[in-house]
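Enquirer: One structure coming up, written as structure tokens, with questions to follow.
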Amino acid sequence: VKTMGKNNYLFFDESMTNSMREKARVENILREALETDGFTLHYQPQVAVKTGKLTGFEALLRLKDFSVPPGIFISVAEEIGLILEIGRWVTRAVIRQVAAWQEQELPVMPVSINFSALQLNDTDYVDFLKRELYQMNVPPRLIMIEITESIFLDNREETLRFLHQLKNLGVTISIDDFGTGYSSLSYLTEVPADLVKLDKSLIDRYLEKNSQAVIDSMIALIHSLNLEVLAEGVEEKEQFRRLASCGCDYIQGYLFSKPLPPEDAVNLFHQNFTS
Ligand code: C2E
Ligand code: CA
Ligand code: CA
Ligand code: CA
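And the structure:
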């Protein structure tokens, strides 16, 4: 069905399951969003544990007019091959936002962009990124690319080549959703990353059961590889307190802020995040 034009969906309607119909609906929404400026980005702050200061943002994609969550529409976009185009839209939009903040003379912080494993097929991506940065006069160190460990599964060599290209450009790299997948720590030693993001599920699982030792030793290990650590999905003060005592470097979560539209995120630049 994937390869058929959207006009053929009616024909298949009867035999389609609800989930296929839903997928087709999301596909139409995505195609239209690309043509009509229907996407927008929200920005979630990242905070240094030691100082309570803003250190960066993660850019998270939203549909302006639909309540389909990114968890759903991103996987549809991956399935139908739209993720390459969407990935470029996100990259360009983030760089323009950073440029706008620079022009307002705000103390601009790095912004993280989520990079789907399938975007490795976008073989000119690094050149594209470089061009956009140059055009908008944004220094590469203000962009961080987030990859998940699944990217290594089928494409180890390709991934390493890609990551080294990013590094050479001066862009930083983080490992997203750490602790959800295969959690083989060995690949961490060969990846030119800067930051590891501990997944919310890991934080919940261990801190709520009071088995802090697991997080403790994970952070120690990550630090021993000269990488920094950010904890994702931190909602409670008590979690913050424990993560601080584990030596976690950065926190991102509802405790400080949900992802916000740029006009609201701008208020966070001078905020002190105390917990
Ligand atoms: P992710 O990269 O793991 O992003 C973090 C998700 O956790 C975001 O969900 C964020 O809103 C949510 N979150 C942050 N703090 C908290 C918290 O304290 N509690 C809870 N319950 N949730 C929290 P969101 O925005 O719905 O995005 C879901 C996923 O969609 C992302 O997970 C990412 O995998 C994907 N995604 C979003 N934007 C993009 C994009 O531009 N490109 C790609 N390839 N994927 C994206
Ligand atoms: Ca992410
Ligand atoms: Ca994540
Ligand atoms: Ca996640």
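In UniProt numbering, the protein residues as written are 562 to 836.
We treat Cβ as the ideally placed atom computed from N, Cα and C, and that holds for glycine.
It should be emphasised that the depicted structure is a prediction, and the values quoted were computed from it without experimental measurement.
1. Roughly how many whole angstroms lie between the Cα atoms of phenylalanine 689 and alanine 660?
2. Using the DSSP secondary-structure output, state which residues sit across from methionine 705 in a beta bridge.
3. Please report the straight-line C-alpha distance between threonine 601 and lysine 584, rounded to a whole angstrom.
4. Between which two residues does the beta strand (DSSP E) carrying alanine 654 extend?
5. Any idea which residues DSSP pairs glycine 617 with across the strands?
6. Please find out if some non-hydrogen atom of ligand 3 comes closer than 8 Å to the beta-carbon of glutamate 707.
7. Would you say the beta carbon of glutamate 789 comes nearer than 8 Å to a heavy atom of ligand 3?
8. How far does the alpha helix (DSSP H) with isoleucine 780 in it reach, from first residue to last?
9. Rounded to whole angstroms, what is the Cα-Cα separation between valine 672 and alanine 678?
10. Assuming contact is defined by CB atoms lying nearer than 9 Å, are histidine 603 and lysine 819 in contact in what I supplied?
11. So does aspartate 760 have its beta carbon nearer than 8 Å to some heavy atom of ligand 3?
12. What three-state label does DSSP hand tyrosine 767 in the structure shown?
13. Can you tell me where the beta strand (DSSP E) holding lysine 758 begins and where it ends?
14. For isoleucine 704, collect the residues of the same chain with a Cβ closer than 6 Å to its Cβ; drop the 5 residues on either side in sequence, then sort them by chain order.
15. Based on DSSP bridge pairs, tell me the residues matched to threonine 601.
16. Let me make sure I understand the geometry here. Which of Gln605, Leu730, Ile590 and Glu593 has the alpha-carbon closest to that of leucine 813?
17. If I measure Cβ to Cβ from isoleucine 736 and keep anything under 6 Å in the same chain, skipping five residues before and after, which residues do I get?
18. Quick one: does the C-beta of glutamate 619 sit closer than 8 Å to a heavy atom of ligand 1?
19. Rounded to the nearest angstrom, what separates asparagine 729 and glutamate 693 at their Cα positions?
20. In this structure, what does DSSP give as the bridge partners for asparagine 833?
21. Any heavy atom of ligand 2 closer than 8 Å to the CB of aspartate 810?
22. Going along the chain, which residues of its own chain have a beta-carbon closer than 7 Å to the beta-carbon of leucine 768, five neighbours each way excluded?
23. Which whole-angstrom value describes the C-beta separation of alanine 609 and aspartate 810, a residue pair presumed to lie in contact below a C-beta threshold of 8 Å?
24. Specify the secondary structure class of valine 562 as computed by DSSP and reduced to three states.
25. With a threshold of 8 Å (Cβ to nearest heavy atom), would aspartate 738 be considered close to ligand 3?
26. Assuming glutamate 707 and phenylalanine 676 make a contact with CB atoms under 8 Å, what is their CB distance in whole Å?
Expert: Well, looking at it:
1. Within the sequence shown, numbered from 1, the residue matching residue 689 stands at position 128. Within the sequence shown, numbered from 1, the residue matching residue 660 stands at position 99. Spanning the two alpha carbons is a distance of roughly 16 Å.
2. Reading the sequence shown from its first residue, position 144 is the one you call residue 705. Looking at the DSSP assignment, methionine 705 forms a beta bridge with Ser673 and Thr733.
3. The residue labelled residue 601 in the question sits at position 40 within the sequence shown. The residue labelled residue 584 in the question sits at position 23 within the sequence shown. Rounded to the nearest angstrom, the two C-alpha atoms are 21 Å apart.
4. One-based indexing of the sequence shown puts residue 654 at position 93. For alanine 654, there is no enclosing beta strand (DSSP E); the residue is found in the alpha helix (DSSP H) stretching over 644-664.
5. On the sequence shown, residue 617 is found 56 positions in, with the first residue counted as 1. Beta-bridge pairing links glycine 617 to Gln607.
6. Within the sequence shown, residue 707 is the residue found at index 146, counting from 1. For ligand 3, at least one heavy atom lies less than 8 Å from the Cβ of glutamate 707.
7. Your numbering for residue 789 matches position 228 in the sequence shown. Outside the cutoff, so no.
8. What you label residue 780 is simply residue 219 of the sequence shown in a count that begins at 1. It spans 773-785 - the alpha helix (DSSP H) in which isoleucine 780 sits, taken as one unbroken run.
9. If you number the sequence shown from 1, residue 672 lands on position 111. If you number the sequence shown from 1, residue 678 lands on position 117. Between valine 672 and alanine 678, the C-alpha separation is close to 19 Å.
10. As a working note, residue 603 is residue 42 in the sequence shown. As a working note, residue 819 is residue 258 in the sequence shown. Their beta carbons are under 9 Å apart, which means histidine 603 touches lysine 819 by this criterion.
11. Residue 760 sits at position 199 when you count from the first residue of the sequence shown. Result yes, Cβ under 8 Å from ligand 3.
12. The count along the sequence shown starts at 1 and reaches residue 767 at position 206. Three-state DSSP puts tyrosine 767 in a helix.
13. Position 197 of the sequence shown, counted from the start, is the residue given in the question as residue 758. Going by DSSP, lysine 758 is part of the beta strand (DSSP E) stretching over 756-759.
14. Here residue 704 is taken as the residue at index 143 of the sequence shown, counted from 1. For isoleucine 704, where only same-chain residues beyond five positions count, the Cβ hits under 6 Å are Val732.
15. In the sequence shown, counting from the first residue as 1, residue 601 sits at position 40. Partner(s): Arg623.
16. As a position in the sequence shown, residue 813 is number 252, starting the count at 1. Per the sequence presented here, residue 813 reads as glutamine, with leucine not at that position. Minimum Cα distance to glutamine 813 is reached at Gln605.
17. By one-based count along the sequence shown, residue 736 stands at place 175. The answer, listed in chain order, is Ala754 and Val757.
18. Within the sequence shown, numbered from 1, the residue matching residue 619 stands at position 58. Judged by the Cβ position, glutamate 619 qualifies as a neighbour of ligand 1 at the 8 Å threshold, a heavy atom of the ligand being closer than this.
19. Start at 1 with the first residue of the sequence shown, and residue 729 comes out as number 168. Start at 1 with the first residue of the sequence shown, and residue 693 comes out as number 132. Separation of asparagine 729 and glutamate 693 (C-alpha to C-alpha, rounded to the nearest whole angstrom) is 16 Å.
20. Residue 833 sits at position 272 when you count from the first residue of the sequence shown. BP columns for asparagine 833 point to Lys614.
21. Taking the sequence shown and counting its residues from 1, one reaches residue 810 at position 249. No.
22. By one-based count along the sequence shown, residue 768 stands at place 207. Excluding five sequence positions before and after leucine 768, the CB atoms of its chain that fall closer than 7 Å to its own CB belong to Ile776, Gln800 and Arg803, given in chain order.
23. Walking along the sequence shown from the start, residue 609 turns up at place 48. Walking along the sequence shown from the start, residue 810 turns up at place 249. Yes, they are in contact, since the Cβ atoms of alanine 609 and aspartate 810 sit about 7 Å apart, within 8 Å.
24. Numbered from 1 along the sequence shown, position 1 holds the residue referred to as residue 562. Note that valine 562 scores a pLDDT of 39, beneath 50, so its modelled location is shaky; the value from the coordinates is reported in the next line. If DSSP states are grouped into helix, strand and coil, valine 562 belongs with coil.
25. As a first step, residue 738 is located in the sequence shown; it is residue number 177 there, counting from the start. At least one heavy atom of ligand 3 is nearer than 8 Å to the Cβ of aspartate 738, so yes.
26. Start at 1 with the first residue of the sequence shown, and residue 707 comes out as number 146. Start at 1 with the first residue of the sequence shown, and residue 676 comes out as number 115. The Cβ separation is near 6 Å, so the contact holds.
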